[in-house]
Amino acid sequence: MKLFDVYPLYDVTPVRADDVYVYDEKGTEYLDLYGGHAVISIGHGHPHYVKKLKNQLDQIGFYSNAIHNPLQHELAAAIGHQSCCSDYQLFLCSSGAEAIENSLKLASFQTNKKRVIAFKNAFHGRTSAAVAVTDNPKINAPLNKQQEVTFLEFNDSASLEKELKKEDVCAVIFEAIQGVGGLDEPSEEFIYDMDRLCKENKVCLIADEVQSGFGRTGTFFAYQKYRIEPQIVTMAKGMGNGFPIGGILVHPSIKAKYGMLGTTFGGNHLACSASLAVLKVLEDERLQNHAFKMGVYFKEQAQKIKGLKKIKGRGLMLGIEFDFEVGALRKTLIYDEKIFTGGSSNKKLLRILPPLTVQKTHIDLFFKGLKKALNKHKNQ
Ligand SMILES: Cc1ncc(COP(=O)(O)O)c(C=O)c1O
4 MKLFDVYPLY DVTPVRADDV YVYDEKGTEY LDLYGGHAVI SIGHGHPHYV KKLKNQLDQI
64 GFYSNAIHNP LQHELAAAIG HQSCCSDYQL FLCSSGAEAI ENSLKLASFQ TNKKRVIAFK
124 NAFHGRTSAA VAVTDNPKIN APLNKQQEVT FLEFNDSASL EKELKKEDVC AVIFEAIQGV
184 GGLDEPSEEF IYDMDRLCKE NKVCLIADEV QSGFGRTGTF FAYQKYRIEP QIVTMAKGMG
244 NGFPIGGILV HPSIKAKYGM LGTTFGGNHL ACSASLAVLK VLEDERLQNH AFKMGVYFKE
304 QAQKIKGLKK IKGRGLMLGI EFDFEVGALR KTLIYDEKIF TGGSSNKKLL RILPPLTVQK
364 THIDLFFKGL KKALNKHKNQ
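One rule links them: number in this note's numbering = place in the sequence shown (from 1) + 3.
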């Protein structure tokens with residue numbers, strides 16, 4: 004049987020990984036500044052993570068949500084403690100899109116309304132409601148287009164207020180730093196306007212932290228740079244360091260009812276163990292603070308690169324923008340310099356999402372490789 008061919012692939016076959024490096028079948032070493040789409044948070048194959056998962060597998064790997072699972076309570080306590088959101092409630096699922104899907108469904112249950120406000124260039128996933136609030140018509144099938152969604156520009160408080168006054172909106176969903184869209188952020192003033200307008204109009208504010216959460220930007224969640232209180236926070240990628248797990252944090256004002264949300268795989272024993280291991284390493288190795296510092300160092304070094312137009316993002320969720328499309332540059336970086344980087348819907352931007360364990364020496368290696376790759380492109 005052939006694979007359903009939906010992914011354009013780089014010609015690299017990783018078979019092993021260690022911290023910030025991956026190795027192909029010939030033993031070639033690649034510096035991973037992309038973390039497999041921001042998933043690798045505590046580094047590939049962290050010894051504590053491997054030990055916890057192996058031990059858990061020896062005990063019990065999975066049972067469904069029909070029995071007590073103390074690991075879920077342990078995980079809720081640990082996320083609550085590290086995110087300072089201990090009064091929120093936790094619902095567990097298995098991916099980012101599933102977290103978004105559940106957050107929108109919950110907002111609709113809570114308000115008994117169905118229109119959603121999302122933002123230009125947003126990416127929230129590929130399932131039904133998640134893809135409908137994603138600003139990319141190419142990945143929306145006719146089936147998805149039946150959702151009622153209005154896309155606004157960031158920082159347009161007047162339009163947001165006008166839309167919310169129509170009294171048919173259940174949720175405003177935003178990324179504090181856009182990931183796939185290209186690292187743009189709403190202004191501080193707009194963030195506070197969104198929070199206030201949602202409260203005044205009894206609309207759920209959903210912070211999509213699927214990519215930016217779990218310490219990547221130097222705060223536990225990227226929205227926590229500001230003093231706002233979203234009704235729902237979505238999380239996934241860095242949560243399991245590669246083990247599929249997602250979740251939503253639900254504000255205490257939203258009450259649960261049996262059966263309103265559910266999943267077979269979400270919150271299973273192995274997934275909880277993976278995320279607990281991630282949280283322990285994040286705390287023990289102070290990786291959130293480290294991510295902040297490495298972001299500052301990265302930006303300092305980036306200033307020295309000639310021809311660079313803009314540096315965007317915070318902590319280890321970064322983008323460097325050029326005045327040319329970077330597709331060919333990414334290929335040179337991967338094939339000649341052995342460095343993984345990411346792209347975005349802004350074709351002129353390189354996305355940098357390394358494991359949070361990345362060190363200054365790795366960042367220096369990246370800029371050395373980038374300079375060589377840029378020279379090659381100049382001479383072509
Ligand atoms: C901000 C954001 N939300 C949601 C998603 C969807 O996550 P998943 O691919 O796990 O479904 C992504 C994935 O890139 C994302 O970046």
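Even for Gly, the Cβ is constructed at its ideal location relative to N, Cα and C.
As the structure is a computational prediction, the values presented were derived from the model and not from experiment.
Helix, strand or coil at residue 362 [DSSP, three-state]:
Position 359 of the sequence shown, counted from the start, is the residue given in the question as residue 362. Coil.
With ligand 1 as the reference, list in chain order each residue whose Cβ lies under 6 Å from any of its heavy atoms.
40, 98, 99, 100, 103, 126, 127, 128, 178, 182, 183, 211, 213, 214, 239
Check whether residue 359 and residue 290 have beta carbons under 9 Å apart:
Counting from one through the sequence shown, the residue named residue 359 turns up at place 356. Counting from one through the sequence shown, the residue named residue 290 turns up at place 287. In contact: residue 359 and residue 290 (Cβ atoms closer than 9 Å).
Using a Cβ-Cβ cut-off of 8 Å (strictly less than) and excluding sequence neighbours within five positions of residue 279, which residues of its own chain qualify?
Numbered from 1 along the sequence shown, position 276 holds the residue referred to as residue 279. Contacts found: 55, 74, 77, 78, 81.
What are the boundary residues of the beta strand (DSSP E) that includes residue 325?
One-based indexing of the sequence shown puts residue 325 at position 322. Start and end: 320–325.
Of all the beta strand (DSSP E) runs that stay within the bounds of the stretch 46–113, which reach a length of 3 or more residues?
92–96
Please list, in chain order, all residues of the same chain as residue 327 whose beta carbon is under 7 Å from its beta carbon, the five residues on each side excluded.
Residue mapping note: residue 327 aligns to position 324 of the sequence shown, counting from 1. Result list for residue 327: 351, in chain order.
Run through DSSP, which three-state label would residue 137 get?
In the sequence shown, the residue the question calls residue 137 occupies position 134. Coil, per DSSP.
Which stretch, first to last residue, makes up the alpha helix (DSSP H) that contains residue 224?
Residue numbering aside, residue 224 sits at position 221 when the sequence shown is read from its first letter. Counting along the chain, residue 224 falls outside any alpha helix (DSSP H), and DSSP gives it neither H nor E.
For the alpha helix (DSSP H) that contains residue 39, what are its first and last residues?
What you label residue 39 is simply residue 36 of the sequence shown in a count that begins at 1. Per DSSP, residue 39 belongs to the alpha helix (DSSP H) from 38–41.
Beta-carbon within less than 6 Å of residue 63's beta-carbon, same chain only, minus the 5 sequence neighbours each way: which residues are those?
As a first step, residue 63 must be located in the sequence shown, where it is residue number 60. These residues qualify, in order along the chain: 272.
Establish whether the CB of residue 103 and some CB of chain D are separated by less than 9 Å.
As a matter of chain content, chain D is missing from the structure shown, which is built from one protein chain.
Grab me the residues of residue 190's own chain with a C-beta within less than 7 Å of its C-beta, minus the 5 sequence neighbours each way, in chain order.
On the sequence shown, residue 190 is found 187 positions in, with the first residue counted as 1. Cβ within range, chain order: 158.
Tell me, to the nearest whole angstrom, how far the beta carbon of residue 235 is from that of residue 15; I am working on the premise that it is less than 8 Å.
Translated into positions along the sequence shown, residue 235 becomes position 232. Translated into positions along the sequence shown, residue 15 becomes position 12. Rounded, the Cβ-Cβ distance is 37 Å, inconsistent with contact.
Three-state secondary structure assigned by DSSP to residue 15:
Locating residue 15 in the sequence shown gives position 12, counting from the first residue. Of the three classes helix, strand and coil, the one that applies to residue 15 here is coil, per DSSP.
Out of 136, 120, 340, which has the shortest C-alpha to C-alpha gap to residue 168?
On the sequence shown, residue 168 is found 165 positions in, with the first residue counted as 1. Nearest option by C-alpha distance: 120.
Contact between the stretch 189–207 and the stretch 215–223 (3+ Cβ pairs under 8 Å)
no
What are the residues that DSSP puts in a beta bridge with residue 26?
Counting from 1 along the sequence shown, the entry for residue 26 is found at position 23. Answer is 19, 32.
Alpha carbon to alpha carbon, how far is residue 212 from residue 317? Give it in angstroms, no decimals.
Start at 1 with the first residue of the sequence shown, and residue 317 comes out as number 314. Start at 1 with the first residue of the sequence shown, and residue 212 comes out as number 209. Taking the straight line joining both Cα atoms gives about 14 Å.
Assign residue 70 to one of two classes, buried (16 or more other C-beta atoms within 10 Å of its C-beta) or exposed (fewer than that).
The sequence position of residue 70 within the sequence shown is 67, counting from 1. Exposed, because fewer than 16 other Cβ atoms sit within 10 Å of the Cβ of residue 70.
Rounded separation between residue 43 and residue 334 - CA only
Here residue 43 refers to the residue found at position 40 when the sequence shown is read from its first residue. Here residue 334 refers to the residue found at position 331 when the sequence shown is read from its first residue. Straight-line Cα distance between these residues: approximately 21 Å.
The alpha helix (DSSP H) enclosing residue 155, as first and last residue numbers:
Here residue 155 corresponds to residue number 152 of the sequence shown, with the count starting at 1. No alpha helix (DSSP H) contains residue 155, which is instead part of the beta strand (DSSP E) from 152–155.
Which class does residue 350 belong to by DSSP, given the choice of helix, strand or coil?
The sequence position of residue 350 within the sequence shown is 347, counting from 1. It is coil, neither helix nor strand.
What does a CB cutoff of less than 6 Å around residue 19 pick up in its chain, not counting 5 residues either side in sequence?
As a position in the sequence shown, residue 19 is number 16, starting the count at 1. Closer than 6 Å at the Cβ level, and outside the excluded window around residue 19, lie 26.
Selected residue, minimal CA-CA separation from residue 92, among 244, 84, 147:
Here residue 92 is taken as the residue at index 89 of the sequence shown, counted from 1. Selected option, being the one with the closest Cα: 84.
Going by C-alpha to C-alpha distance, which of 86, 102, 11, 34 sits closest to residue 209?
Taking the first residue of the sequence shown as position 1, residue 209 is located at position 206. When each option's Cα is compared against that of residue 209, the closest is 102.
Inter-stretch contact (C-beta, 8 Å, three-pair minimum) for the stretch 234–254 and the stretch 30–43
yes
Integer Cβ distance of residue 109 from residue 264, believed to fall under 8 Å
Here residue 109 corresponds to residue number 106 of the sequence shown, with the count starting at 1. Here residue 264 corresponds to residue number 261 of the sequence shown, with the count starting at 1. Yes, they are in contact, since the Cβ atoms of residue 109 and residue 264 sit about 7 Å apart, within 8 Å.
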